[in-house]
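See the structure below:
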């Protein structure tokens, strides 16, 4: 039971958990691409493939809407900024900083969706439950439903609405 609570606590530490997930993804992709590239770092052609892999993993592992990777032109400009030793290659740390900057918007969107789903929706659910208890006919049914069940149902509804809206963004 202690391990489960530690895992849950780690996942809800927010920024540290997301940073750790991004770093795991970054290291895995860097190792895979560098093995294909065969050099001391990643050049631009392989960088584009690496960014596609990172975004694919982010879209699989982290909750939230689908995140599209940047264009090649955007990547070229960013690579020049993050290639600190000006050798045309990104080493592991340069690549990690590059990806951290590149995915900052995606991580912010994921954070916003988690806050809505885990904090705002249950709070609104409990407030609306109190408000609907005075409505004739509906109030008796709502009053009999336990708070936890009512909050879960409304939160599930909010999550479903978020999922359905992802296709329209």
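In UniProt numbering, the protein residues as written are 1 to 169. Heads up, the beta-carbon is just placed ideally off N, CA and C, and yes, glycines get one too.
### Task
Hey, could you find the ends of the alpha helix (DSSP H) residue 122 is sitting in?
Segment 121–132, the alpha helix (DSSP H) holding residue 122.
### Query
The alpha helix (DSSP H) spanning residue 145 covers which residue range?
Residue 145 -> no alpha helix (DSSP H), and no H or E assigned at all.
#### Entry: Between the CA atoms of residue 40 and residue 161 - distance to the nearest angstrom
46 Å
#### Entry: Span separating the alpha-carbon of residue 89 from that of residue 150
54 Å
### Query
Whose C-beta lies closer than 8 Å to the C-beta of residue 30 among residues of the same chain, with five residues either side of it excluded?
42, 50, 92, 95, 96
### Message
Please return the same chain residues whose Cβ sits closer than 7 Å to the Cβ of residue 10, not counting the five positions on each side in sequence.
### Response
Confidence at residue 10 is low in this model, with a pLDDT of 49, below 50, so the placement of that residue is unreliable and no value is reported for it.
### Query
What three-state label does DSSP hand residue 90 in the structure shown?
strand
#### Entry: Classification of residue 120 by the beta-carbon crowding that lies within 10 angstroms, buried from 16 upward
exposed
### Pair within 8 Å by beta-carbon distance, residue 86 and residue 47
no
### Task
Express the C-alpha separation of residue 66 and residue 28 in angstroms, rounding to a whole number.
20 Å
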